[in-house]
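Working notes for the structure below.
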Amino acid sequence: MAVEDDVAALAFTAETELGPTAIRAAGRRAAEAARRYLQTTISETRASAAGLRYLAQGPGGFERQMALQVAWEEIGGGRRRVRLTVGDYLVERPRVLGIPVGRGTVPALASARRFAAALRAELTGRVRPAGAREEPAASLPDPGPPARELRSMVLDGPPRHGVPVRQTSTWT
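Residue 83 in full-length UniProt numbering sits at position 83 of the sequence shown; the count goes up by one each step and never skips.
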């Protein structure tokens, strides 16, 4: 899969009942969920009546790595269609003597994936509150009698021709 395909996979469209203020709060929580220690940070840079802009920056905020935009439109019945799109993004390519070698990478991709997943979950209402437990798993059949335990013992014998000797015994 090419770098362009990886980045294009971030974009999504979702329908929600959230208002603009709630969408902005969901974006803040998603940006917090995407934070990676000493790596990429996503923060809101601009807000308008119809959308938000986010910027993914490298450590210290010195390097602009990716631009993201969240836009929404009214579709009636108190619902909105929210669209996440990716703008410019930085591609790093390893080089040897100035010649590109290997596949390019997008340094902000991991954080952007986390941001997109968290935002989509917030918008579609699939977020569990903090401390909530997951659904119990289906009961598994009884595994039966316990497996037999293997035991082993290693004995160091006297060296032969200057080489240490190890003897290993294994039993159940």
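Positions of the beta carbon are idealized from the N, C-alpha and C atoms, including for glycine.
- Taking C-alpha positions only, T105 is separated from R80 by approximately 34 Å.
- Using a Cβ distance threshold of 9 Å, V86 and L68 count as a contacting pair.
- Note that the segment 27-38 does not touch the segment 7-19; fewer than 3 beta-carbon pairs, one per stretch, sit closer than 8 Å.
- Between Q65 and Y37, the gap from beta carbon to beta carbon reaches 9 Å or more.
- The alpha carbon of R120 has as its nearest neighbour, out of E92, V82, P107, G102, the alpha carbon of V82.
- With contacts defined by Cβ atoms closer than 9 Å, L109 and I23 do not form a contacting pair.
- A buried status is given to S111, since no fewer than 16 other beta-carbon atoms sit within 10 Å of its beta-carbon.
- When the beta-carbon positions are compared, A56 and T41 come within less than 9 Å of each other.
- When rounded, the separation of the alpha-carbon atoms in A8 and A117 is 14 Å.
- In its chain, beyond the 5 residues on either side, V91, R103, G104, T105, V106 have a beta carbon closer than 8 Å to the beta carbon of V3.
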